[in-house]
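These notes concern the structure reproduced below.
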Amino acid sequence: RFGTLRKLARCGPVSMYEALRSEWAGSLTPAQVSEKVKRFFRYYAINRHKLTTLTPSYHAEGYSPDDNRFDLRQFLYPVSFSRQFAMIDELVREETAVGAVGHP
Numbered sequence: 000r001f002g003t004l005r006k007l008a009r010c011g012p013v014s015m016y017e018a019l020r021s022e023w024a025g026s027l028t029p030a031q032v033s034e035k036v037k038r039f040f041r042y043y044a045i046n047r048h049k050l051t052t053l054t055p056s057y058h059a060e061g062y063s064p065d066d067n068r069f070d071l072r073q074f075l076y077p078v079s080f081s082r083q084f085a086m087i088d089e090l091v092r093e094e095t096a097v098g099a100v101g102h103p
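Last residue of the sequence shown: 103 (the working numbering), numbering continuous.
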């Protein structure tokens, strides 16, 4: 689900967190969703440069590694995503505060 949201829905860390939070609301807490999203983007940033060495090939699906000839995205990302992760932490704090006020 992470790769589909990142590539097809073009989600960054915050928008992916918001999408998965509503999707997984019954099974995971907001803090658990945020940890999963942060872990995904951290490892994506660490390993993104490896995707630039793929050879051109034919792929028939919308979600598949493309041939990278026309891929102009950056391939070196900062691992910290400090601004985005701080925003996710703020959203988790707000939701936790609302949940604490709603339940006595």
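From the three backbone atoms N, C-alpha and C, an ideal C-beta is built for every residue, glycine too. On a predicted model such as this, the values are computed, not experimentally measured, just so you know.
Coarse secondary structure for residue i, derived from DSSP in three states
i	result
PRO77	coil
ARG0	coil
ALA24	coil
ARG5	helix
ALA30	helix
Spatial neighbours of residue i in its chain, beta-carbon cut-off 8 Å, leaving aside the 5 residues before and after
i	result
GLN83	GLY11, PRO12, VAL13 and PHE40
Own chain, CB closer than 6 Å to residue i, minus 5 neighbours either side, in chain order
i	result
VAL91	PRO29, ALA30 and SER33
TRP23	VAL32
Residue i at chain D interface by Cβ criterion, 8 Å
i	result
ASP88	Note that chain D does not occur in the displayed structure, where there is just one protein chain.
Beta-carbon proximity of residue i to residue j, cut-off 8 Å
i	j	result
ARG47	TYR76	yes
TYR16	ILE87	yes
LEU4	ALA18	yes
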